[in-house]
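Quick note, the sequences are listed as chains X and C, same order. Using this note's numbering, you'd call the opening residue of the first sequence number 93 and step up by one each time. Using this note's numbering, you'd call the opening residue of the second sequence number 93 and step up by one each time. Backbone N, C-alpha and C fix where the C-beta goes; we use that ideal spot for every residue, glycine too. One structure is given here, and the rest of the page talks about it.
Protein chains: 2
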Amino acid sequence: MDYSFSDRVQALKPSAIREIFKYASDPGVISLSAGNPAPEAFPAKEIAEISADLFAQNPIDLLQYSVTEGYTPLRETIAGSMRKKHRVGREFDRVLVTSGAQQVMDLAAKSLCNEGDVVLCEAPSFIGALNTFRSYNARLRGISLEDDGMNMEELERALKEETRVRFIYTIPNFQNPAGVTMSMEKRRRLYALAKQYGTLILEDNPYGDLRFHGEHVEAVKSLDEDGIVIYAGSFSKVIAPGMRVGYAIAPQELIQKMVVCKQGQDVHTNIWAQRVCCELMTRYDFDAHLERLRGVYRKKYKTAMDAISRFFPERVTCRPVEGGLFLWCTLPEGADMPAFCRQAVLRKVCVVPGSAFLPNENDPCRSFRINYSSPTDEQLVKGIEILGQLAKESC
Amino acid sequence: MDYSFSDRVQALKPSAIREIFKYASDPGVISLSAGNPAPEAFPAKEIAEISADLFAQNPIDLLQYSVTEGYTPLRETIAGSMRKKHRVGREFDRVLVTSGAQQVMDLAAKSLCNEGDVVLCEAPSFIGALNTFRSYNARLRGISLEDDGMNMEELERALKEETRVRFIYTIPNFQNPAGVTMSMEKRRRLYALAKQYGTLILEDNPYGDLRFHGEHVEAVKSLDEDGIVIYAGSFSKVIAPGMRVGYAIAPQELIQKMVVCKQGQDVHTNIWAQRVCCELMTRYDFDAHLERLRGVYRKKYKTAMDAISRFFPERVTCRPVEGGLFLWCTLPEGADMPAFCRQAVLRKVCVVPGSAFLPNENDPCRSFRINYSSPTDEQLVKGIEILGQLAKESC
Numbered sequence: 093m094d095y096s097f098s099d100r101v102q103a104l105k106p107s108a109i110r111e112i113f114k115y116a117s118d119p120g121v122i123s124l125s126a127g128n129p130a131p132e133a134f135p136a137k138e139i140a141e142i143s144a145d146l147f148a149q150n151p152i153d154l155l156q157y158s159v160t161e162g163y164t165p166l167r168e169t170i171a172g173s174m175r176k177k178h179r180v181g182r183e184f185d186r187v188l189v190t191s192g193a194q195q196v197m198d199l200a201a202k203s204l205c206n207e208g209d210v211v212l213c214e215a216p217s218f219i220g221a222l223n224t225f226r227s228y229n230a231r232l233r234g235i236s237l238e239d240d241g242m243n244m245e246e247l248e249r250a251l252k253e254e255t256r257v258r259f260i261y262t263i264p265n266f267q268n269p270a271g272v273t274m275s276m277e278k279r280r281r282l283y284a285l286a287k288q289y290g291t292l293i294l295e296d297n298p299y300g301d302l303r304f305h306g307e308h309v310e311a312v313k314s315l316d317e318d319g320i321v322i323y324a325g326s327f328s329k330v331i332a333p334g335m336r337v338g339y340a341i342a343p344q345e346l347i348q349k350m351v352v353c354k355q356g357q358d359v360h361t362n363i364w365a366q367r368v369c370c371e372l373m374t375r376y377d378f379d380a381h382l383e384r385l386r387g388v389y390r391k392k393y394k395t396a397m398d399a400i401s402r403f404f405p406e407r408v409t410c411r412p413v414e415g416g417l418f419l420w421c422t423l424p425e426g427a428d429m430p431a432f433c434r435q436a437v438l439r440k441v442c443v444v445p446g447s448a449f450l451p452n453e454n455d456p457c458r459s460f461r462i463n464y465s466s467p468t469d470e471q472l473v474k475g476i477e478i479l480g481q482l483a484k485e486s487c
Numbered sequence: 093m094d095y096s097f098s099d100r101v102q103a104l105k106p107s108a109i110r111e112i113f114k115y116a117s118d119p120g121v122i123s124l125s126a127g128n129p130a131p132e133a134f135p136a137k138e139i140a141e142i143s144a145d146l147f148a149q150n151p152i153d154l155l156q157y158s159v160t161e162g163y164t165p166l167r168e169t170i171a172g173s174m175r176k177k178h179r180v181g182r183e184f185d186r187v188l189v190t191s192g193a194q195q196v197m198d199l200a201a202k203s204l205c206n207e208g209d210v211v212l213c214e215a216p217s218f219i220g221a222l223n224t225f226r227s228y229n230a231r232l233r234g235i236s237l238e239d240d241g242m243n244m245e246e247l248e249r250a251l252k253e254e255t256r257v258r259f260i261y262t263i264p265n266f267q268n269p270a271g272v273t274m275s276m277e278k279r280r281r282l283y284a285l286a287k288q289y290g291t292l293i294l295e296d297n298p299y300g301d302l303r304f305h306g307e308h309v310e311a312v313k314s315l316d317e318d319g320i321v322i323y324a325g326s327f328s329k330v331i332a333p334g335m336r337v338g339y340a341i342a343p344q345e346l347i348q349k350m351v352v353c354k355q356g357q358d359v360h361t362n363i364w365a366q367r368v369c370c371e372l373m374t375r376y377d378f379d380a381h382l383e384r385l386r387g388v389y390r391k392k393y394k395t396a397m398d399a400i401s402r403f404f405p406e407r408v409t410c411r412p413v414e415g416g417l418f419l420w421c422t423l424p425e426g427a428d429m430p431a432f433c434r435q436a437v438l439r440k441v442c443v444v445p446g447s448a449f450l451p452n453e454n455d456p457c458r459s460f461r462i463n464y465s466s467p468t469d470e471q472l473v474k475g476i477e478i479l480g481q482l483a484k485e486s487c
């Protein structure tokens, strides 16, 4: 049988990162390639307690079909907390619980993009989101990323030139993969441009609560008086990714369409996980938990940066970050980055080649991404030492 | 802001059933409209035990990111059990764990259907699947359902006439909504026709283990020597639907493409739920559990049928079934089915109007669907009594 696939998925390849995972699962290999949160950050004891309590109380409610929109008390808890802590969510907004924030990207693209429509995104950006947009045959146009976020002149030029832009996709805090945080000034400008050109913004904020240095910057969604921002939140980095719970906050009309699409995808998100997240946010001191997480990540980050100063030659640069899980390192002019990453694997260290994150994977790229959250401190230092040695020899 | 949606979802409406749920959640209303399995059938105690054990052993593995394909021991357990018990799965097949069988429908349609491609389906059929196919702008063509499955002459005519058929969608056992089981003869004919006309079959079998009368009929997938059948299985009816765990068994090449699509949808299925399903299948006597379920459903079915003989006038017919969750009742010629269903709601009984399940919802339909698995025995008898009374008065 010769299977032919739909035009939208024919060219789609597995994420380069998930492919690298196959090497990375070799126990002899130091993986600095994952996007995994630090396992010591999981509130495992609390989740086990909550789970036992829920089963003792009313197991049927944990096991029966539920509504597509999500468990109502969780939606209310998210709405209340986001409004109070981040001024996110207005009268016209609603909350939809999703199977990870990844599903928000899928539902937004499916609801909004006809084939050939354009999504403007940071270059580089999160490969999982880019692949989802590609899977609906949207065309990606990358906007260069600077130390304080997207280049706004380039963004405006793209908005002028492209007639079919459906939304601008941004990860404003501790961006994956580049670690960049968008300044408040640029957030305001982004919002104003979107409004002026009549397009939507998809704001993906999985790492916002993991700020360990500097001052909090308000979400783009906090500016949203016009109902043009879809906000994607996630429990993957603040509770646990294996639970697959995220959420969208967006104007009711958009949420209603996303709900219909979600019915057709998975009916609703695992109800046990929704209940556990809700209890964790309400019965425990969730802010204290987040503060503890920030401590874990601050320490991990310091370990990584200390090792980088010690082992990396100066001609390899690494952008300092104020939160999140990732470092973006750049080899000197003329260096062969793909060869560097392949060599690293042979020396049993995995990093992700930066080109994997580009809207156009064939564009030149001398950067690679390091994840400092999931390796142990020892692996992290050792891995960076090996990368530094390799850089000294080869670039 | 005037939101415009993509062509594929613009016309998409929330499932009529999920809308009826809103009435049905009124505690004064007897809901015979759900698709919920019987709550007394959930192995709640076992799930609680397994969950506690898993958290005591290695909580991090329950909480961290996992692979898109699914938890390997679960995939192996499913593959082994389906091969041994049902002769399903050959050398070229692979298992993909999904977020409910609903996701199999989505991934199959997304991978295979270009806009305007045709899906042949039973008329009536499961609305959740039909809406998913619609959401990729596939065109549905219904094939009449007889007491022993699809009309095969009509199917062959459709295969001759339509040049863009991507797959034939069938629920061969205790079909939702019509309760019909396809005969082995028709399964063989279906397979031969698909092969002859070079199309695929999507076999959706959520109820297969819930046979309480008659003889088991082998799956269409058991005939699949040519790699043309995608089999969708589910734990929703045999363990618990709130966990959202299903699976696809299909040729490797198809599964690989579905995996890429799933990466973009939800990365992977909730890992706790996958682990619980795996332990239930391996550590417990799963066959004994299924036997107990069949006892529960046999009894529920008898209660429903006894009430129907007692309360329904003879001119309202109801097809006997050999398993599953649903009864398909048909009002006499000339009756106004939509009015009947509306009247029933006013008398506080919810059923689903049969037209909701038609590929073309505007086709004439005198039938409605009763669910006998989720109401209590008392509700079931009372609800049928009210429906019978209404039928006597109005048809």
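Just to make sure I have the definition right: I need the residues of chain C whose C-beta is within less than 7 Å of the C-beta of residue i. Which are they?
| i | result |
| --- | --- |
| X:PHE97 | SER203, LEU204 and LYS349 |
| X:ILE152 | PRO131, PHE134 and ALA136 |
What's the gap between the Cα of residue i and the Cα of residue j?
| i | j | result |
| --- | --- | --- |
| C:ARG411 | C:LEU419 | 7 Å |
| X:LYS329 | C:GLY162 | 21 Å |
| X:GLY290 | C:SER96 | 11 Å |
| X:TYR299 | X:LYS278 | 19 Å |
| X:ASN463 | C:ARG100 | 38 Å |
| X:ILE142 | X:CYS369 | 9 Å |
| C:THR273 | C:SER314 | 16 Å |
| X:THR224 | C:MET242 | 36 Å |
| C:ARG375 | C:LYS137 | 14 Å |
| C:GLY220 | X:ALA340 | 22 Å |
Can you find a CB in chain X that lies within less than 7 Å of the CB of residue i?
| i | result |
| --- | --- |
| C:SER465 | no |
| C:SER125 | no |
| C:PRO333 | yes |
| C:ARG249 | no |
| C:ILE219 | no |
| C:GLN366 | no |
| C:ASN128 | yes |
Whose Cβ in chain X lies nearer than 7 Å to the Cβ of residue i?
| i | result |
| --- | --- |
| C:CYS353 | VAL101 and SER227 |
| C:ASP198 | GLY356 and GLN357 |
Compare the C-beta of residue i with all C-beta atoms of chain C and state if any pair is closer than 7 Å.
| i | result |
| --- | --- |
| X:LEU346 | yes |
| X:VAL359 | yes |
| X:GLY319 | yes |
| X:SER314 | no |
| X:GLN471 | no |
| X:VAL157 | In the sequence as presented, Val is not what sits at residue 157 of chain X; that position holds Tyr. Chain C, which has a Cβ nearer than 7 Å to the Cβ of X:TYR157, makes this yes. |
| X:MET373 | no |
Under the rule that 16 or more other beta-carbon atoms within 10 Å means buried, what is residue i, buried or exposed?
| i | result |
| --- | --- |
| X:ASN265 | buried |
| X:GLY415 | buried |
| X:THR77 | Here chain X comprises residues numbered 93 to 487, so residue 77 of chain X is not present and cannot be evaluated. |
| C:GLN344 | exposed |
| C:GLY446 | buried |
| C:ILE152 | exposed |
| C:ARG367 | buried |
| X:GLN194 | buried |
| C:LYS252 | exposed |
| X:ALA201 | buried |
| X:PRO135 | buried |
By the criterion of Cβ-Cβ separation under 8 Å, what are the contact partners of residue i in chain C?
| i | result |
| --- | --- |
| X:LYS105 | VAL352 |
Closest to residue i by C-alpha separation, out of the options, would be which residue?
| i | options | result |
| --- | --- | --- |
| X:ALA324 | X:TRP364, X:ASN454 and X:ASP185 | X:ASP185 |
| C:GLU295 | C:HIS305, C:SER326, C:SER401 and C:SER459 | C:SER326 |
| X:ALA427 | X:ALA483, X:GLN156, X:GLU383 and X:ARG390 | X:ALA483 |
| C:ARG384 | C:ARG100, C:ALA133, C:ASP118 and C:SER123 | C:ALA133 |
| X:VAL443 | X:PRO430, X:LEU450, X:ASP469 and X:GLU453 | X:PRO430 |
| X:SER203 | X:ARG258, X:THR395 and X:PHE449 | X:ARG258 |
| X:LEU479 | X:ASP455, X:ARG402 and X:VAL413 | X:ARG402 |
| C:GLU207 | C:CYS213, C:LEU232, C:LYS349 and C:ARG461 | C:LEU232 |
Could you name the residues of chain X that residue i contacts, counting a contact when the two beta carbons are closer than 9 Å?
| i | result |
| --- | --- |
| C:SER143 | ALA140, SER143, ALA144, PHE147 and TRP364 |
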